Ligand SMILES: Cc1cc2nc3c(=O)[nH]c(=O)nc-3n(C[C@H](O)[C@H](O)[C@H](O)COP(=O)(O)OP(=O)(O)OC[C@H]3O[C@@H](n4cnc5c(N)ncnc54)[C@H](O)[C@@H]3O)c2cc1C
């Protein structure tokens, strides 16, 4: 297991955008997790799908093939940083400096443990499919994973030791954006 330096889990840039009370909501709404870890001094950030359930707010799940470099490193105890970002809008301003984005994001720090129990794996995969595809039910809309498929798929539970969330919402805030007579245009392109 590597020894990670203590995590800085305090939002210092734009602290007014801190949204830690919404961290679970953001994780529940997200689509892609960027999974950061280090092996032999080399940092990696690899995109993954993930499962998160607000009834177990200190945990998220990653899955893939047993040969996955990422999953093997995490299973071996590498410290992990998982970031989930949603871009909600492109913010344009009458001043160059104040162009921005509306977003919701969460940064989680923790460690992962493999889950081997087939029933637990089956349950996590069913909930994960339901999270991405609400209303899809095993046995009705798709066949559940077979025992062999479960064995062939690695599942890791990341225990979230600390997390922060941040959001930018609303209109541009440049010094000229409230002045319709000023040069240029401003607004938000929703995504
Ligand atoms: C939206 C999204 C969701 C995904 N969900 C999953 C998932 O749930 N489970 C899963 O196992 N995989 C998922 N993948 C694929 C994942 O990103 C990795 O490619 C895959 O897991 C192999 O990982 P590895 O650690 O074995 O990489 P390796 O094949 O060992 O990676 C070797 C090198 O390949 C490059 N590389 C790896 N992946 C990518 C990538 N996605 N894009 C560009 N370069 C890359 C990097 O340089 C990396 O260092 C997803 C990808 C995307 C984009």
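In the numbering used here, the protein residues as written are 30 to 220. Virtual Cβ for every residue (Gly too), placed ideally from N, Cα, C. Quantities reported herein were computed from a predicted structural model and do not represent experimental measurements.
DSSP beta-bridge partners for residue i?
i           : result
residue 188 : 88 and 140
residue 195 : 47 and 134
residue 28  : Given a span of 30 to 220 for the chain in the structure shown, any question on residue 28 remains unanswerable.
residue 182 : 94
residue 260 : With the chain covering 30 to 220 only, the question about residue 260 has no answer from this structure.
residue 119 : 130 and 218
Could you round the C-beta distance between residue i and residue j to whole angstroms and report it? I think they count as a contact, below 8 Å.
i           : j           : result
residue 102 : residue 77  : Wrong, their Cβ atoms sit about 13 Å apart, outside the cutoff.
residue 203 : residue 124 : 4 Å
residue 56  : residue 113 : 6 Å
residue 85  : residue 193 : About 19 Å; that fails the 8 Å criterion.
residue 179 : residue 147 : 5 Å
residue 132 : residue 197 : 6 Å
Notebook entry, point to check: Mind listing, in chain order, the residues whose beta carbon lies closer than 5 Å to a non-hydrogen atom of ligand 1?
Noted result: Those residues that have a beta carbon less than 5 Å away from any non-hydrogen atom of ligand 1 are, in order along the chain, 61, 75, 76, 77, 78, 93, 97, 98 and 99.
Checklist line | Sequence ranges, alpha helix (DSSP H) only - wholly within the stretch 38-116, length at least 4 | finding: If we require 4 residues or more, the alpha helix (DSSP H) runs fully inside the stretch 38-116 come out as 52-58 and 98-104.
Note to self: Under 8 Å: do the stretch 75-91 and the stretch 169-179 share three or more Cβ pairs, one atom per stretch?
What the structure shows: No, the stretch 75-91 does not touch the stretch 169-179.
Check: Is the stretch 152-166 in contact with the stretch 200-214, if contact means three or more CB pairs nearer than 8 Å?
Finding: These segments do not touch.
Check: Touch check for the stretch 38-49 and the stretch 178-198: three-plus C-beta pairs under 8 Å?
Finding: In short, these stretches touch, since the Cβ pair count reaches three.
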